[in-house]
Amino acid sequence: SIFKELWSKKILDHSLVDDLLRMLPSSETDVYTLQGGLHLFSLIALEDSDVVVDNLKTIIEAGFGRAARRNPYIYRSACNILTNLPKGSFVLKNESPVFGKIVQIIAGRDEHIPSLQWYSVAEACISALYSLNSNPETSACTILRFMSTLMTDENGVLSVKSTSRFLFAAGQIAVKHLVHIESLGSKVRQRNQTKGGKDEEKDDIADQIGAGAAAADAALDTLLDETEKEILYSNNIVSLCGPLLHVLCTDSDLMQSHIQLRVAATLAL
24 SIFKELWSKK ILDHSLVDDL LRMLPSSETD VYTLQGGLHL FSLIALEDSD
74 VVVDNLKTII EAGFGRAARR NPYIYRSACN ILTNLPKGSF VLKNESPVFG
124 KIVQIIAGRD EHIPSLQWYS VAEACISALY SLNSNPETSA CTILRFMSTL
174 MTDENGVLSV KSTSRFLFAA GQIAVKHLVH IESLGSKVRQ RNQTKGGKDE
224 EKDDIADQIG AGAAAADAAL DTLLDETEKE ILYSNNIVSL CGPLLHVLCT
274 DSDLMQSHIQ LRVAATLAL
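Per my numbering, the very first residue in the sequence shown carries number 24; after that it's consecutive.
This is how it looks when you write it as structure tokens:
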């Protein structure tokens with residue numbers, strides 16, 4: 024990217040970081056300028072994560088502060104920063120205010136975020152949740168269960184706004200969860216390879232020629248396949264979206280009348 028090239032050639036350097044940090048705490052900073060500054064930090068995080076980690080408290084306070092109520096895209100930029108950090112640099116603990124705000128945004132409980140802006144902000148929040156939280160699947164399913172209760176009003180009438188958001192979130196979470204499972208599988212493989220290297224002298228001939236490793240990989244692949252099938256086809260919150268999508272997508276009048284719902288349903292599929 025252009026930014027990567029400029030940073031690698033020292034055309035942009037830590038003096039930019041100093042300027043951005045001076046801007047962040049200022050209440051006089053324009054909300055769109057703040058959004059741009061945080062976006063630059065998300066790019067810096069990819070090139071020199073240490074400088075971002077060293078100033079993370081200030082960056083988080085700016086990204087999840089009052090200014091975001093006037094420009095919700097600030098939330099998105101802040102989540103992109105956290106997502107771009109190396110694994111382990113920041114852990115999104117369930118009791119932290121940042122986790123609470125991210126959950127609130129995804130669940131649609133932040134009413135000051137306009138409908139059209141919510142989608143891109145929620146997408147960034149879901150990415151941050153899966154990148155930083157130690158148990159994202161539990162948090163994500165809890166959010167979806169809450170969102171499912173908002174799909175109809177007290178009279179049983181369908182809420183197009185809430186249903187569109189639910190389907191969008193469910194689709195994003197399903198994709199992120201499949202990636203999350205693959206990531207866990209890769210970690211198990213790496214751990215097995217490391218363990219195999221340490222115990223090589225103690226292994227039997229079959230293990231030494233790789234038969235043991237191959238069997239372990241085959242078992243892991245089977246487990247991953249079963250896990251993916253469980254997500255897509257078993258009785259859980261994501262797979263249960265299938266019948267709902269079928270009913271909605273076969274209602275041509277409903278789909279044609281509500282573009283937002285049609286787009287959300289298509290993305291969820």
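The C-beta atom is built at its ideal place from N, Cα and C for all residues, glycine as well. Owing to the predicted nature of the structure, the values given are computational and were not obtained by experimental measurement.
Q. Exposed or buried, what is I129 when buried is set at 16 or more other beta-carbons lying within 10 Å of its beta-carbon?
A. Here I129 is buried, its C-beta having at least 16 other C-beta atoms within 10 Å.
Q: Pull up the DSSP beta-bridge partners for L207, would you.
A: Paired residues: none, contrary to the question.
(Q) What residue range does the alpha helix (DSSP H) around G111 cover? (A) Here G111 belongs to no alpha helix (DSSP H), and DSSP marks it neither H nor E.
Q.
Quick check: the Cα distance between M46 and C272, rounded to an integer number of angstroms?
A. Between M46 and C272, the C-alpha separation is close to 47 Å.
Q: Take R93 and list the residues in its own chain whose beta-carbon comes closer than 7 Å to its own, dropping the five residues that flank it on each side.
A: Same-chain partners within the cutoff: V54.
Q: Can you grab the Cα-Cα spacing for the pair S295 / M278, in whole Å?
A: Because the chain spans 24 through 292 in this model, residue 295 falls outside it and cannot be assessed.
Q.
Since F87 and Y98 should fall inside the 8 Å C-beta cutoff, what is the C-beta to C-beta distance between them, to a whole number of angstroms?
A. Indeed they touch by this definition, with Cβ atoms about 7 Å apart.
Q. From S280 to I196, what does the alpha carbon distance come to, in whole angstroms?
A. About 26 Å.
Q) What are the boundary residues of the alpha helix (DSSP H) that includes T175? A) Note, T175: premise wrong, no alpha helix (DSSP H); not H, not E.
Q | Best match in K116, I25 and L79 for proximity to V40 [C-alpha to C-alpha] | A | Looking at the Cα atoms, L79 is the closest of the given residues.
Q: Could you give the DSSP three-state label for L152: helix, strand or coil?
A: In the structure shown, L152 sits in a helix (DSSP, three-state: H, G or I).
Q) Under a three-way DSSP split, which group does L292 fall into? A) The three-state secondary structure of L292, taken from DSSP, is coil.
Q | Uninterrupted alpha helix (DSSP H) stretches inside the stretch 32-98 (no shorter than 4 residues) | A | Annotation note: the stretch 32-98 contains the following uninterrupted alpha helix (DSSP H) runs of length 4 or greater, listed N- to C-terminal: 37-46, 54-70, 72-77, 79-86 and 90-93.
**Q.** Continuous alpha helix (DSSP H) stretch holding S119: start and end
**A.** That residue, S119, is in no alpha helix (DSSP H); it is neither H nor E in DSSP.
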